[in-house]
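In what follows, a single structure is set out as structure tokens and then discussed.
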Amino acid sequence: MKLSYIAAALALMLICIGCSTEDSGTLTFTGIMDTDEVRVSSQSQGILRTLLAQEGAQVVKDSQLAVIESDKLGYQLSTQKETISELDHAYEAAKQQLEAAMAEHDNARRRYERFRALLDKDAVTRQQADDVLTKFRAARANRDAAQANLASVKSKQAQVRSTMKITEEQIQDASVVAPLSGTVLVTYAEAGEFVGPGTPLLDIADLSTLWTKIYIAEEDLPRIKLGQNAEVHIDGTEETLQGTITWISSESEFTPKTILTEETRTSLVYAAKVTVDNSSGILKIGMPVVIQIEEAAQ
């Protein structure tokens, strides 16, 4: 349907691309109203349980639009939380074991150093010193094992928490929310269908602001400035709305091929956008309009 709007717009531009009235200093253009649409797609995989927003519905930013089945993810998250709880207890136990092992190691080290000094003075036998050394080495090995065990538990905690974060994000993605306030233009899926990441669900647009593209003849470009006001007349009615020039292309282009005539075949034009406040809702996508712009002060 949008292609038909574009074709109609180009046909209208055949009638008038930057037509000017030299005496009044007014430039007249024709165009077709359009809007910036946002396509909302699934970020999750599963059965589309509910599609809450239907075509034509008004939605508010962050409101729920659809729900994708996530029961399995919920079970996974529950299991992961149980694992984290077990690991938290294991961490506390490992930390206590390490504290005890370090205390034992420090005591064994001090005892070994004392016996080594006594051995130098022949105050103890070699066998006694060797026994103390053996116990010191065992205490050191026990400390190293306790450190490794604590590090292993911490690593497992980090891995499970990382997995939990991914699962929580997947569950959050299963609830599709509106990225903006606006109107649902079209829906692409129905409840009960299988959807995956990237599957289009619906299109939303803020219809309170519409725009139309016009093409300014090269010789008329100096007469139009960014931010300049424009009058937008609805074709076939006496309604007039106020618009603003919000964008002017920095590069020229040849007249669009679909509206070429012998006279305009080599004409250079500059695309521009006229944005219109459509709070009243009178403008519709695809509606033909006439735009009049007073020549800007030089």
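Numbering of the sequence shown is given in this note's numbering, commencing with residue 1 and proceeding in unit increments.
For every residue, glycine included, the Cβ atom is placed at its ideal position computed from N, Cα and C.
inquiry  = Under 8 Å: do the segment 143-150 and the segment 168-186 share three or more Cβ pairs, one atom per stretch?
reply    = no
ask   = By DSSP, does I166 sit in helix, in strand, or in coil?
value = To locate residue 166, count along the sequence shown from 1; it is residue 166. In the structure shown, I166 sits in a helix (DSSP, three-state: H, G or I).
Top-ranked residue by Cα proximity to T237, from S250, M287, G56 and E219 = Mapped onto the sequence shown, residue 237 falls at position 237. Per the Cα distances, M287.
task = Would you identify the three-state DSSP class for I259, choosing helix, strand or coil?
result = To locate residue 259, count along the sequence shown from 1; it is residue 259. Per-residue confidence for I259 stands at a pLDDT of 49, beneath the threshold of 50, marking its modelled position as unreliable; the derived number appears in the next sentence. I259 falls in the helix class under three-state DSSP.
ask   = How about the segment 202-215 and the segment 31-48: do they share at least three Cβ pairs that are nearer than 8 Å?
value = yes
request  = Below 7 Å CB to CB, which residues in the same chain sit around G74 once its five sequence neighbours on both sides are set aside?
outcome  = Locating residue 74 in the sequence shown gives position 74, counting from the first residue. Cβ within range, chain order: I171.
Among V232, F194 and T26, nearest to V274 - alpha-carbon criterion = Taking the sequence shown and counting its residues from 1, the one referred to as residue 274 is at position 274. The shortest Cα separation from V274 among V232, F194 and T26 belongs to V232.
request  = With Y91 as the anchor, note down where its alpha helix (DSSP H) starts and where it stops.
outcome  = Counting from 1 along the sequence shown, the entry for residue 91 is found at position 91. Per DSSP, Y91 belongs to the alpha helix (DSSP H) from D71 to D120.
task = Report buried or exposed for H89, applying the criterion of at least 16 other Cβ atoms within 10 angstroms of its Cβ.
result = If you number the sequence shown from 1, residue 89 lands on position 89. Looking at its Cβ environment, which holds fewer than 16 other Cβ atoms inside 10 Å, H89 is exposed.
ask   = What distance in whole Å lies between the Cβ atoms of L77 and T167, which are believed to be in contact at a cut-off of 8 Å?
value = The residue labelled residue 167 in the question sits at position 167 within the sequence shown. The residue labelled residue 77 in the question sits at position 77 within the sequence shown. So it is a contact: roughly 5 Å between Cβ atoms.
ask   = When we look at the beta-carbon of N278 and count the other beta-carbons within 10 Å, is it buried (16 or more) or exposed?
value = Walking along the sequence shown from the start, residue 278 turns up at place 278. Buried, since its Cβ has 16 or more Cβ neighbours within 10 Å.
key: Secondary structure, beta strand (DSSP E): runs of 3+ residues fully inside the segment 128-191   = 175-177 and 182-187
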